[in-house]
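Below: the structure, in structure tokens.
2 protein chains.
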Amino acid sequence: MPNAKVTFLPHDVSIEVPPGTTIIQAALDAGVHINASCGGEGVCGKCRVRIEAGEPVGGVSERLGADDLRKGYRLACRTEAAGDLLVRVPVESVVDAGILNRPASRRRTARIRDFNLGELKEKGLFLAPVEKKCLQLPAPTAQDNLPDLSRLIGQLRREHDEHRLEADLAVIRKIPGILRESGFQVTTTLVRPVRADGRTRIINVQPGDATGRSYAIAMDIGTTTVYGQVIDLVSGAVLAEHAEFNGQISYGEDVITRIVYAERPGGLERIQETLVETINTILARIIRASGVDPQDVATITLAGNTTMTQLLLKVEPRYIRRAPYVPASSLYPPLKACELGMALEEHVTALVYPVVSSYVGGDIVAGVMGSGIYRSEELTLFLDVGTNAEIVIGNRDWLACAACSAGPAFEGGGLQFGMRAAPGAIEDFSLNPATLEPMIATIGRERPKGICGSGLINMVACMFEMGVIDNRGKFDPGLETERLRRTDGVLEFVLAWENETQIERDITLSEIDIENLIRAKGAIYSGCMTLLAEVGMEIQQIERIVLAGGFGSFVDLDKAMTIGLLPEIDPAKVTYLGNGSLLGARMSSLTNRIRRDVTEVIRKMTNFELSETPSYMDNYIAALFLPHTDLNLFPKLQARLAANRRLRGRSENSGAPQ
Amino acid sequence: MPNAKVTFLPHDVSIEVPPGTTIIQAALDAGVHINASCGGEGVCGKCRVRIEAGEPVGGVSERLGADDLRKGYRLACRTEAAGDLLVRVPVESVVDAGILNRPASRRRTARIRDFNLGELKEKGLFLAPVEKKCLQLPAPTAQDNLPDLSRLIGQLRREHDEHRLEADLAVIRKIPGILRESGFQVTTTLVRPVRADGRTRIINVQPGDATGRSYAIAMDIGTTTVYGQVIDLVSGAVLAEHAEFNGQISYGEDVITRIVYAERPGGLERIQETLVETINTILARIIRASGVDPQDVATITLAGNTTMTQLLLKVEPRYIRRAPYVPASSLYPPLKACELGMALEEHVTALVYPVVSSYVGGDIVAGVMGSGIYRSEELTLFLDVGTNAEIVIGNRDWLACAACSAGPAFEGGGLQFGMRAAPGAIEDFSLNPATLEPMIATIGRERPKGICGSGLINMVACMFEMGVIDNRGKFDPGLETERLRRTDGVLEFVLAWENETQIERDITLSEIDIENLIRAKGAIYSGCMTLLAEVGMEIQQIERIVLAGGFGSFVDLDKAMTIGLLPEIDPAKVTYLGNGSLLGARMSSLTNRIRRDVTEVIRKMTNFELSETPSYMDNYIAALFLPHTDLNLFPKLQARLAANRRLRGRSENSGAPQ
């Protein structure tokens with residue numbers, strides 16, 4: 000279906016949206032304000048708009064009289080654009096023509112970056128990791144009674160020009176039976192060496208012709224969540240995927256508590272088994288869902304942070320959490336998945352992503368591989384933001400990385416009304432600059448329950464641009480709105496009144512909440528500054544940004560730059576990887592080129608311990624402002640703020656009604 | 000102590016023997032006949048000799064009167080030569096001066112071939128398989144917090160110029176703890192690649208300086224007996240060795256019954272565990288005896304026949320015993336010893352000797368490696384004789400091999416009075432050509448209990464040369480001796496009378512026993528003929544013989560050539576390896592050169608299934624004679640037989656008294 004074009008009047012701003020988008024969402028994306036408090040549930044009735052052309056879907060409400068409906072009024076939060084619409088925003092939302100001239104700040108999220116096998120092949124990045132060859136062997140006779148494996152290898156040489164082969168004991172154990180039950184027609188699974196000087200391994204033998212059925216598993220081992228995918232190695236398609244909470248959560252939420260648990264007698268074994276149970280739950284689910292025969296699975300590639308990696312491999316993690324924070328190893332050899340306890344066939348090889356340091360783990364390395372930053376000429380900032388933020392800056396020539404503790408603000412933690420990005424979370428926000436009435440949109444179009452990370456960024460950016468808060472994140476105490484109030488000595492802004500929420504309390508944003516966000520974004524921004532300074536560069540030189548992690552997909556890039564979370568670049572140059580760790584694991588499953596490159600990348604990645612880098616604290620303190628002490632780092636924002644000041648000046652002079 | 004020279008009169012034959020050798024043994028070795036029936040126990044009293052010079056030790060007996068003793072008479076079987084002796088053999092033993100001129104057939108056994116590390120090095124065959132390097136690592140700091148393994152590998156590179164290293168997961172698991180408990184001084188065990196394009200594996204890390212303590216285990220997995228050695232990789236010395244019966248004997252004596260057992264449900268697992276129990280018993284014993292720290296053991300190299308190899312590795316053996324006799328594999332990858340159930344440290348690699356065919360196994364390949372035949376220019380016959388005989392013929396350019404069933408005759412089986420080479424077994428034998436009185440010597444100088452393999456060969460050879468039996472192995476029915484008699488229609492020769500034995504029955508050699516021996520030696524000789532014919536050569540071209548197996552060391556080479564078991568060559572060109580399988584395993588433990596060469600050797604070894612080679616049956620039938628239908632193949636014997644005939648003629652003409 001073609002996109003629907005939604006045009007807002009009197010602003011005369013248009014936006015193309017996918018059919019089914021609500022008018023309120025279209026307005027948010029177009030930078031058009033419509034008062035709205037209930038998150039899209041249709042109960043507040045504030046978001047009345049009039050449809051002047053086109054066929055709206057829904058939006059009828061008891062909040063609208065028959066007369067209103069006849070005139071074309073609808074509730075913006077409940078009305079979907081199936082086709083093009085012309086929407087007039089009524090005066091109670093649009094109070095000041097001057098405001099209309101505000102440069103529209105359209106909501107722009109990062110382009111999602113994915114890949115397919117064809118793309119890998121086009122870019123010359125494809126080196127088959129697994130190939131299957133079907134053979135019809137001559138049956139042995141008294142004159143020709145070579146050992147079974149020699150017969151097989153000989154035929155692979157003659158028929159398929161295969162050389163430098165070796166076979167695992169497990170394969171040798173299977174060969175005699177399978178050859179004879181299949182009339183000597185078998186399919187061998189060949190795993191190619193990563194290095195040119197390596198040998199091809201025969202890892203499996205199956206009766207009959209099983210070519211064309213070749214699969215791999217990719218997994219991201221997160222501290223909180225484990226994701227798994229079944230990948231078709233022939234088409235590159237993801238056949239099934241599933242996520243489960245990491246069962247280790249019962250030993251503690253973060254990596255430190257997990258390590259502490261693992262230090263107990265028997266703890267490492269127990270916590271490893273718990274993780275493997277989670278993995279096995281996912282494996283069972285995705286293998287069943289994809290319908291693949293486990294015999295056809297060749298490899299499982301796993302990426303996780305350093306602690307998850309060591310816990311998975313049962314490697315003593317105690318020195319990860321103790322200064323000077325030393326992991327056991329960067330690279331791990333290929334392993335038998337079954338030896339780690341995974342419910343996969345004996346022949347399946349487990350490939351574990353290498354790590355750089357205690358806090359720049361295999362998940363980040365996988366993200367770097369998935370992002371292609373190590374092949375790019377452009378200076379790129381790779382950012383994976385969760386409780387910890389991992390930063391990689393560099394290009395094809397060099398890579399610098401660091402981790403910093405961002406705190407939980409981006410995941411909606413540490414705020415009074417913070418929550419994860421779940422139904423009821425305020426994720427989009429704008430404010431009527433004159434009335435300070437908010438427009439909020441929630442995930443799942445429910446009445447609001449709280450604020451998620453991306454919502455928080457949007458709010459703070461919006462308030463800062465409007466002058467509701469200053470560059471230290473403090474509210475303008477002179478604002479004339481009942482929404483601003485002081486509770487227990489702290490100024491807070493009421494986003495939704497008690498009766499508009501699901502939690503039967505006012506949902507507010509306080510100066511303490513804003514301070515948390517500023518600390519979090521300050522840690523990340525100063526991390527970038529510090530890394531760049533260490534390599535003698537400046538943050539303005541960044542040409543590309545790659546976001547990874549659950550956080551990146553919903554963030555309004557302009558807003559993130561407004562608060563100084565991201566350096567100011569063209570939003571078109573920002574891409575979003577999604578789960579970079581899983582993406583990297585998938586790419587490694589599909590081509591040996593990635594596995595070959597990764598050892599080079601690891602060598603190139605220089606780790607900086609920010610806490611040990613003297614300039615970091617200075618940079619951090621300078622970053623504890625919106626967007627930064629040095630506004631020259633954000634020239635576009637600087638221009639917008641100046642324009643806003645001029646508009647506000649005019650608007651005040653015009654004496655617009657409240 | 001210098002050898003003692005024993006001179007026999009009236010023969011005027013001298014022989015040098017180690018001090019402590021009995022006169023009867025010296026006589027046997029010198030080819031001098033002395034009547035003797037009791038095997039050396041001194042009870043028959045027949046072996047009276049007179050010491051005419053020198054100081055005899057022992058030999059005094061109630062069978063000799065005071066007068067006899069004064070005159071210097073002693074029992075030859077109880078008298079030891081401590082120094083030089085002049086011994087007169089009395090007339091009842093030496094009946095005919097003509098006989099004295101018989102060319103003395105001294106007992107010559109094969110030279111024992113062993114090697115030491117120095118020899119390997121001199122020959123350019125030394126490529127260190129294992130090396131230990133001690134390192135003092137700088138402790139990590141905040142500025143230098145590389146992963147532990149990277150730190151270790153970096154130091155190995157800087158300090159020891161080590162490159163292309165990889166580490167097992169088990170090593171990574173140990174490193175963090177060991178580095179910190181040892182103040183960052185550690186010793187790494189490096190296992191060198193066999194192929195030049197391979198990588199060095201770090202298999203172990205130990206605290207402090209453990210260089211100079213580097214050991215390996217070599218094992219021969221025999222169907223009946225398992226032998227193990229602890230080898231010092233620095234000096235090459237064998238520090239301890241021990242043998243145990245293979246516990247699988249309880250499932251059957253031979254490989255076929257073992258395979259049958261393994262075909263039962265759960266049988267393979269059970270029979271594998273039984274073998275590993277035997278191995279572990281030996282390991283415990285030799286490790287304790289040698290006093291080595293199990294952490295210092297790097298590898299275990301195992302050689303066994305094809306069935307033992309597959310049972311050890313839990314590889315389905317059923318097709319070994321079914322035509323067309325196909326083993327699962329020739330080469331096996333290096334394995335973790337502990338994964339096979341062996342009670343060795345986790346890092347110990349198990350290296351299993353490759354096999355050629357179902358009946359030419361790793362024991363033979365190990366023997367070939369130990370013998371050096373694959374490096375020799377001379378055309379060599381390698382023979383390992385047990386119940387099965389394995390034959391390898393060739394040189395540095397080609398190797399042909401085959402196995403044939405010799406039956407148990409060489410191990411003393413299948414004869415009416417056959418027994419293993421154990422105390423009481425007749426192992427040496429001669430016959431007075433005039434009186435047909437025997438001279439017998441038994442193992443342990445006990446009264447005879449039976450006949451072992453080497454004794455049987457000596458008997459048959461002796462009787463054949465004297466014309467007691469003809470070239471079909473049939474007794475001359477006209478012989479005038481009460482020792483020759485017919486029992487149940489079969490002619491037999493009484494070797495020892497009832498009252499001279501331990502078994503209280505006459506010990507005899509029958510025509511059926513002789514026929515068994517002829518079949519056995521015929522199978523082997525015709526195997527050699529057939530192999531040579533297949534490569535277009537003739538048996539006279541053989542320049543060297545290498546014997547392996549328990550059998551070879553005691554065989555009188557001239558006798559073995561007389562009966563046509565071995566082709567006729569200079570006995571000085573025959574060497575004896577002892578346990579060739581164990582020797583090859585030891586050599587592989589000491590140098591990678593042998594491990595590299597073995598894969599080449601395996602490729603060169605062409606296997607022939609004798610049962611499928613049409614000429615084999617013809618050759619076999621031609622070999623069912625003493626020594627062969629074609630006496631021209633044995634020119635020296637031919638000359639001796641002619642001389643004997645002349646002597647016999649003279650002796651008959653001289654009318655010598657009975």
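Residue numbers (numbering that gives the first Met the number 0), protein chains in the order written: chain A, 0 to 657; chain B, 0 to 657. C-beta: ideal position from N, C-alpha, C; glycine also. Quantities reported herein were computed from a predicted structural model and do not represent experimental measurements.
For Ile33 (chain B), the closest alpha carbon among the candidates B:Glu315, B:Val48, B:Arg595 is that of B:Val48.
If you look at Pro137 (chain A), you'll find it isn't in any alpha helix (DSSP H); DSSP assigns it neither H nor E. When Cβ-Cβ separations below 9 Å define contact, Ala141 (chain A) makes contact with chain B. Listed in chain order, the beta strand (DSSP E) elements of length 3 or more contained wholly in the region 291 to 367 of chain A are 296 to 303, 348 to 351. Considering only beta carbons, no part of the region 206 to 218 of chain A lies closer than 8 Å to chain B. Here Ala460 (chain A) is near Asp557 (chain A), since their CB atoms are less than 9 Å apart. Around the beta carbon of Val359 (chain B), 16 or more other beta carbons lie within 10 angstroms, which makes this residue buried. The three-state secondary structure of Ser375 (chain A), taken from DSSP, is coil. Shown here for Leu516 (chain B): same chain residues with a beta carbon closer than 6 Å to its own, the five before and five after excluded, namely Ala408, Leu455, Val459 in chain order. Of the residues assessed, His162 (chain A) falls on the exposed side of the cut-off, its CB having fewer than 16 other CB atoms within 10 angstroms. Taking a Cβ-Cβ cut-off of 9 Å, the neighbours of Tyr324 (chain B) in chain A comprise Pro139, Ala141, Asn144, given in sequence order. Proximity to Gly290 (chain A) across A:Cys451, A:Ala215, A:Glu491 peaks at A:Ala215, based on C-alpha coordinates. Here Thr598 (chain B) is exposed, its C-beta having fewer than 16 other C-beta atoms within 10 Å. Close CB contacts of Ser552 (chain A) within its chain, under the 6 Å cut and outside five residues either way in sequence, are with Tyr575 (chain order).
Taking a contact to require three or more Cβ pairs closer than 8 Å, the region 144 to 164 of chain B and the region 586 to 594 of chain B do not qualify as touching. Below the 8 Å Cβ cutoff, chain A contributes Ser328, Ser329 as neighbours of Ser149 (chain B), in chain order. Beta bridge pairing from DSSP links Val493 (chain A) with A:Thr507. In the displayed model, Gly227 (chain A) falls within a strand according to three-state DSSP. Excluding sequence positions up to five before and after Ile171 (chain B), its CB lies within less than 7 Å of the CB of Leu148, all in the same chain and listed in chain order. Taking C-alpha positions only, Gln637 (chain B) is separated from Leu630 (chain B) by approximately 7 Å. With a beta-carbon spacing of about 5 Å, Met604 (chain A) and Leu398 (chain A) fall inside the 8 Å limit used to define contacts. The beta carbons of Gly221 (chain A) and Asn304 (chain A) sit closer together than 9 Å.
Of the residues assessed, Met307 (chain A) falls on the buried side of the cut-off, its CB having 16 or more other CB atoms within 10 angstroms. Here DSSP, grouped into helix, strand and coil, assigns Thr222 (chain B) to coil. Shown here, Ala405 (chain B) sits in coil according to DSSP, grouped into three states, outside any helix or strand. DSSP, read as helix, strand or coil, puts Thr78 (chain A) in strand.
The region 78 to 87 of chain A makes contact with the region 46 to 65 of chain A, as at least three CB pairs between them are under 8 Å. Interface annotation, Glu410 (chain A): not in contact with chain B, CB-CB separation never under 9 Å. Counting every other CB atom within 10 Å of its CB across the protein chains shown gives Thr441 (chain A) a total of 16 or more, marking it as buried. Look at Asp617 (chain B): its C-beta is not under 9 Å from any C-beta on chain A. Not one beta carbon of chain A lies nearer than 9 Å to the beta carbon of Pro264 (chain B).
In chain order, Glu79 place their CB closer than 6 Å to the CB of Gly19 (chain A), counting only its own chain and leaving out the 5 sequence neighbours on each side. With contacts defined by Cβ atoms closer than 9 Å, Leu238 (chain A) and Leu282 (chain A) do not form a contacting pair. CA-CA distance, Arg284 (chain A) to Val325 (chain A), rounds to 36 Å. Contact of Asp196 (chain A) with chain B is assigned, a C-beta pair being separated by under 9 Å. In the three-state reduction of the DSSP assignment, Ile390 (chain B) falls in the strand class.
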